[in-house]
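The block underneath contains the structure these notes are about, expressed in structure tokens.
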Amino acid sequence: MTQATFSLPAQGPFSTLVLGGARSGKSRYGEQLVECAEGEHIYIATAQAWDGEMRDRISHHQKRRGDNWSLIEEPLALADVLRSQITSNQIVLVDCLTLWLSNLMGAEKNIDANVDDLIDALGACKGRVVFISNEVGQGIVPDNALARLFRDEAGRMHQRLAGVCDAAVMIVAGLPLVLKQP
Amino acid sequence: MTQATFSLPAQGPFSTLVLGGARSGKSRYGEQLVECAEGEHIYIATAQAWDGEMRDRISHHQKRRGDNWSLIEEPLALADVLRSQITSNQIVLVDCLTLWLSNLMGAEKNIDANVDDLIDALGACKGRVVFISNEVGQGIVPDNALARLFRDEAGRMHQRLAGVCDAAVMIVAGLPLVLKQP
Amino acid sequence: MTQATFSLPAQGPFSTLVLGGARSGKSRYGEQLVECAEGEHIYIATAQAWDGEMRDRISHHQKRRGDNWSLIEEPLALADVLRSQITSNQIVLVDCLTLWLSNLMGAEKNIDANVDDLIDALGACKGRVVFISNEVGQGIVPDNALARLFRDEAGRMHQRLAGVCDAAVMIVAGLPLVLKQP
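Protein chains in written order, with the numbering used here: chain A, 1 to 182; chain B, 1 to 182; chain C, 1 to 182.
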């Protein structure tokens, strides 16, 4: 590989943004980043298992991770978890930000204010954090206005997080393109 | 960053293609390329403010750029502007080619002939030119034939321009992946 | 270009995955990889010319390739061709895997079993193989369940093939981003 890849440091604070398309291997890549690092592994699931298709996806992801992970289910208050619950020995995988964004929009929350708060919480967080998020902006403009709004908000969120994270990668076919080397 | 990034040279001719998805930060990246270079800054807007959503986007972009820019609004005759109006001291940001393509299709112009003409004009242009364009071809095949035609034409235009430009970058989450180093 | 590019080795076995969006230049890139290598050039077309739009695309591709190619049309049994018909002097361009996947889904075949079989056949193949495939997972989530299934299957297939291939590249605007250097 021409791209330098990287490992998480031995302790936090440290943050990484892992972007990728659907079934690009972004979650698996993030899991491997976490599992290769010493410390306590925490999975923060933003998904709410509200239908069968989503339930299948969650179950598929859970089977892949081993038993060395603890689980926090948090569809909305990510910032609170990062700010108050995470220690420097812990490594957190947030899977995923696009579902968090979708949950915020469903709950009619202010997106900018919530991204501000997440970035503030990340600045205060003592642990290592790996954010997983879906790249959704490289197709044709969607017909419906809500989908257009969603991809705009996702794009803005990715720009802002990539700006503050220590590292950023784009995953294609399971392989990393490094956007920001720590 | 592992990717070498680059600056515009002190004078033209020089051309750069900046691709990116929706809200990827491609316009901001292009603006920074231009603003870091000495010379007269010209913004060529291909947008026509025909509805409220588009008007909001344009206003959002205008607020971000400072007052050191002059503005040319040109939905169709890009080639004429590049060929005849731009001097070697000027730096032009064309934002964006996908809207230009959309305008051409709306006006039932021949796309290949217009891209030929743009490439010919670029060869004759004395200034530094930065083209912004949307990557739209990495989603699922669109249902409707016009959208399929649009993404095919956009893809062909990007290939042709990347072939003749001195530099090309793909922006993801505000960060550049260099496709062609000058 | 900052990205190291590569050539095919003088003889097989060797395998390359070339991904790209619509009209990204992925087929042309794959053809050039093959044409720059010594040996017998074979084009495996997975397309079935079932409508006018597809027929136009096939004809467009055929015109671009010269007469130094032999053609195998195989919509489904790719694995059989790779396993039994290809010698170490031959270089095969498979264009493309996403159409093969679409054909499998249309014929209600088991996708995982067929990808397993393709990977097994690739392990047994003596020739140099270049797979072309469409990146379809970087847009907004499609409305219809079949399109969602298709992009999920495509993503999984790409991950699995990128894992076993000797090299992988992502083509954007005709230019390569190297995902896996041989």
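The beta carbon of each residue, even a glycine, is placed where N, CA and C say it ideally should be. A quick note: this is a predicted structure, and the numbers were derived from the prediction, not measured.
Does G30 (chain A) come within less than 8 Å of chain C when only Cβ atoms are used?
Residue 30 (chain A) sits at position 30 when you count from the first residue of the first sequence. Judged by the 8 Å Cβ criterion, G30 (chain A) is not in contact with chain C.
Euclidean distance between Cα positions of L8 (chain C) and A145 (chain C)
Position 8 of the third sequence, counted from the start, is the residue given in the question as residue 8 (chain C). Position 145 of the third sequence, counted from the start, is the residue given in the question as residue 145 (chain C). L8 (chain C) and A145 (chain C): Cα-Cα distance of roughly 39 Å.
Using a 10 Å radius around the Cβ and a threshold of 16 neighbouring Cβ atoms, would you call Q32 (chain A) buried or exposed?
Here residue 32 (chain A) refers to the residue found at position 32 when the first sequence is read from its first residue. Per the 10 Å Cβ criterion, exposed.
With respect to the alpha helix (DSSP H) encompassing V68 (chain B), which residues constitute its N-terminal and C-terminal limits?
Taking the first residue of the second sequence as 1, we reach residue 68 (chain B) at position 68. In the sequence under discussion, the amino acid at residue 68 (chain B) is Asn, which differs from the Val named in the question. Per DSSP, N68 (chain B) belongs to no alpha helix (DSSP H) and is neither H nor E.
Under a three-way DSSP split, which group does V130 (chain A) fall into?
Looking up residue 130 (chain A) in the first sequence gives position 130. In the structure shown, V130 (chain A) sits in a strand (DSSP, three-state: E or B).
Would G139 (chain A) count as contacting chain B if we go by Cβ distances under 8 Å?
Counting from 1 along the first sequence, the entry for residue 139 (chain A) is found at position 139. With 8 Å as the cut-off, G139 (chain A) counts as an interface residue toward chain B.
Between A173 (chain A) and chain C, is any beta-carbon pair separated by less than 8 Å?
Numbered from its first residue, the first sequence carries residue 173 (chain A) at position 173. For A173 (chain A), the answer is yes, since a Cβ of chain C falls inside 8 Å of its Cβ.
CB-CB length for G39 (chain A) against I91 (chain A), believed under 8 Å:
Position 39 of the first sequence holds residue 39 (chain A). Position 91 of the first sequence holds residue 91 (chain A). The C-beta distance from G39 (chain A) to I91 (chain A) rounds to 5 Å, short enough to fall under 8 Å.
Compare the C-beta of D152 (chain B) against all C-beta atoms of chain C and say whether one is closer than 8 Å.
Along the second sequence, one-based indexing puts residue 152 (chain B) at 152. For D152 (chain B), the answer is yes, since a Cβ of chain C falls inside 8 Å of its Cβ.
Are the beta-carbon atoms belonging to G12 (chain B) and R128 (chain B) less than 8 Å from one another?
Taking the second sequence and counting its residues from 1, one reaches residue 12 (chain B) at position 12. Taking the second sequence and counting its residues from 1, one reaches residue 128 (chain B) at position 128. Yes, Cβ-Cβ distance for G12 (chain B) and R128 (chain B) is below 8 Å.
In the DSSP output, what is F14 (chain C) paired with across the bridge?
Mapped onto the third sequence, residue 14 (chain C) falls at position 14. DSSP, once it has assigned bridges, lists C:R128 as partnering F14 (chain C).
Looking at L101 (chain B) and the ligand NAP, is the gap between the Cβ and the nearest heavy atom below 7 Å?
Absence of the ligand NAP is noted for the structure shown, with no ligands found whatsoever.
Pop quiz: Q138 (chain A) and G139 (chain C) are said to be a contact at Cβ under 8 Å. What is the actual Cβ separation, rounded to whole angstroms?
Along the first sequence, read from residue 1 onward, the residue named residue 138 (chain A) stands at position 138. Along the third sequence, read from residue 1 onward, the residue named residue 139 (chain C) stands at position 139. Sure, about 6 Å apart at Cβ, within 8 Å.
Which residues in the same chain as N89 (chain B) place their Cβ atom closer than 7 Å to its Cβ, once the five residues preceding and following it in sequence are excluded?
Taking the first residue of the second sequence as position 1, residue 89 (chain B) is located at position 89. Within its own chain, the residues whose Cβ lies closer than 7 Å to the Cβ of N89 (chain B), once the five positions on either side in sequence are excluded, are Q11, G39 and E40, listed in chain order.
Classify P176 (chain C) as helix, strand or coil using the three-state DSSP reduction.
On the third sequence, position 176 is the one that residue 176 (chain C) refers to. Here DSSP, grouped into helix, strand and coil, assigns P176 (chain C) to strand.
Please list the residues of the region 157-173 of chain B that have a C-beta atom closer than 7 Å to any C-beta atom in chain C, keeping them in chain order.
Those residues of the region 157-173 of chain B placed with their C-beta closer than 7 Å to a C-beta in chain C are H158, Q159, A162, G163, A168 and M170, ordered along the chain.
The beta strand (DSSP E) that contains D80 (chain A), what's its start and end?
Start at 1 with the first residue of the first sequence, and residue 80 (chain A) comes out as number 80. Note, D80 (chain A): premise wrong, no beta strand (DSSP E); alpha helix (DSSP H) at L78 to S84.
Roughly how many angstroms lie between the CA atoms of T46 (chain A) and W69 (chain B), to the nearest whole one?
Indexing the first sequence from 1 puts residue 46 (chain A) at position 46. Indexing the second sequence from 1 puts residue 69 (chain B) at position 69. Answer to the nearest angstrom: the Cα atoms are 43 Å apart.
Give me, in chain order, the residues of the same chain whose beta-carbon lies closer than 8 Å to that of V164 (chain A); leave out the 5 immediate sequence neighbours on both sides.
As a first step, residue 164 (chain A) must be located in the first sequence, where it is residue number 164. Scanning its chain for C-beta atoms nearer than 8 Å, with the 5 sequence neighbours on each side dropped, one finds around V164 (chain A) the residues S15, I119, L122 and G123, in chain order.
Proximity winner among C:L177, C:I171 and C:L161, relative to A173 (chain A) (alpha-carbon distances)
Position 173 of the first sequence, counted from the first residue, corresponds to residue 173 (chain A). Nearest C-alpha to A173 (chain A): C:L161.
Chain-ordered residues of the region 11-42 of chain B with a beta carbon less than 7 Å from chain A:
Those would be G21, A22, R23, S24 and G25, in chain order.
Near R83 (chain C), what residues of its chain come up, given a Cβ to Cβ distance below 6 Å and the 5 sequence neighbours on each side ignored?
Looking up residue 83 (chain C) in the third sequence gives position 83. Excluding residues within five positions, the ones whose Cβ falls inside 6 Å are A121 and A124.
In this structure, does DSSP put G137 (chain C) in helix, strand or coil?
The sequence position of residue 137 (chain C) within the third sequence is 137, counting from 1. The three-state reading of DSSP puts G137 (chain C) in coil, since its state is none of H, G, I, E or B.
Short of 8 Å in beta carbon distance, which residues of its chain neighbour R148 (chain C), apart from the five on each side in sequence? Order them along the chain.
The residue you call residue 148 (chain C) lines up with position 148 of the third sequence. Hits under 8 Å: V141 and P142.
Report the residue from C:E135, C:L78 and C:L104 whose alpha carbon sits nearest the alpha carbon of L93 (chain C).
Position 93 of the third sequence, counted from the first residue, corresponds to residue 93 (chain C). Closest option to L93 (chain C), Cα to Cα, is C:L78.
Would you give the residue range spanned by the alpha helix (DSSP H) that Q159 (chain A) belongs to?
Stepping through the first sequence from its first residue, residue 159 (chain A) is reached at position 159. Bounds of the alpha helix (DSSP H) holding Q159 (chain A) are A145 to V164.
Collapsed DSSP secondary structure at G106 (chain B) in the structure displayed
What you label residue 106 (chain B) is simply residue 106 of the second sequence in a count that begins at 1. In the structure shown, G106 (chain B) sits in a helix (DSSP, three-state: H, G or I).
Please list the partners that L177 (chain B) has in chain C, where partner means a Cβ-to-Cβ separation under 7 Å.
Within the second sequence, the letter at position 177 stands for residue 177 (chain B). Around L177 (chain B), the beta-carbon contacts reaching into chain C at under 7 Å are L177.
Does A47 (chain C) come within less than 8 Å of chain B when only Cβ atoms are used?
If you number the third sequence from 1, residue 47 (chain C) lands on position 47. No, A47 (chain C) does not count as interfacial toward chain B.
Near L97 (chain C), what residues of its chain come up, given a Cβ to Cβ distance below 6 Å and the 5 sequence neighbours on each side ignored?
Locating residue 97 (chain C) in the third sequence gives position 97, counting from the first residue. Same-chain partners within the cutoff: F131 and S133.
L33 (chain C) by DSSP, collapsed to three states: which one?
Within the third sequence, residue 33 (chain C) is the residue found at index 33, counting from 1. The DSSP-derived three-state label of L33 (chain C) is helix.
Neighbourhood of T87 (chain B) by C-beta distance below 7 Å, restricted to the same chain and skipping five residues each side:
Within the second sequence, the letter at position 87 stands for residue 87 (chain B). Once the five neighbours on either side are set aside, the close Cβ partners of T87 (chain B) are K126 and G127.
Please check the pair L17 (chain B) and L179 (chain A), which I expect to be a contact at CB under 8 Å, by giving their CB distance rounded to whole angstroms.
Here residue 17 (chain B) corresponds to residue number 17 of the second sequence, with the count starting at 1. Here residue 179 (chain A) corresponds to residue number 179 of the first sequence, with the count starting at 1. Not quite, the Cβ-Cβ distance comes to about 18 Å (not below 8 Å), so this is no contact.
In chain A, which residues lie less than 7 Å from E147 (chain B) when you measure between Cβ atoms?
Position 147 of the second sequence, counting from 1, holds the residue named residue 147 (chain B). The amino acid occupying residue 147 (chain B) in the given sequence is Ala; Glu does not appear at that position. Neighbours of A147 (chain B) on chain A, chain order: I140.
Quick check on DSSP: helix, strand or coil for M1 (chain C)?
Looking up residue 1 (chain C) in the third sequence gives position 1. Any answer about M1 (chain C) is weak, because its pLDDT of 36 lies below 50 and its placement is not dependable; what the coordinates show is given next. Collapsing the DSSP output to three states places M1 (chain C) in coil.
Have a look at L167 (chain A) and I44 (chain A) and give me their C-alpha separation to the nearest angstrom.
Walking along the first sequence from the start, residue 167 (chain A) turns up at place 167. Walking along the first sequence from the start, residue 44 (chain A) turns up at place 44. For the sequence presented, residue 167 (chain A) should be read as Ala rather than Leu. One C-alpha to the other measures close to 19 Å.
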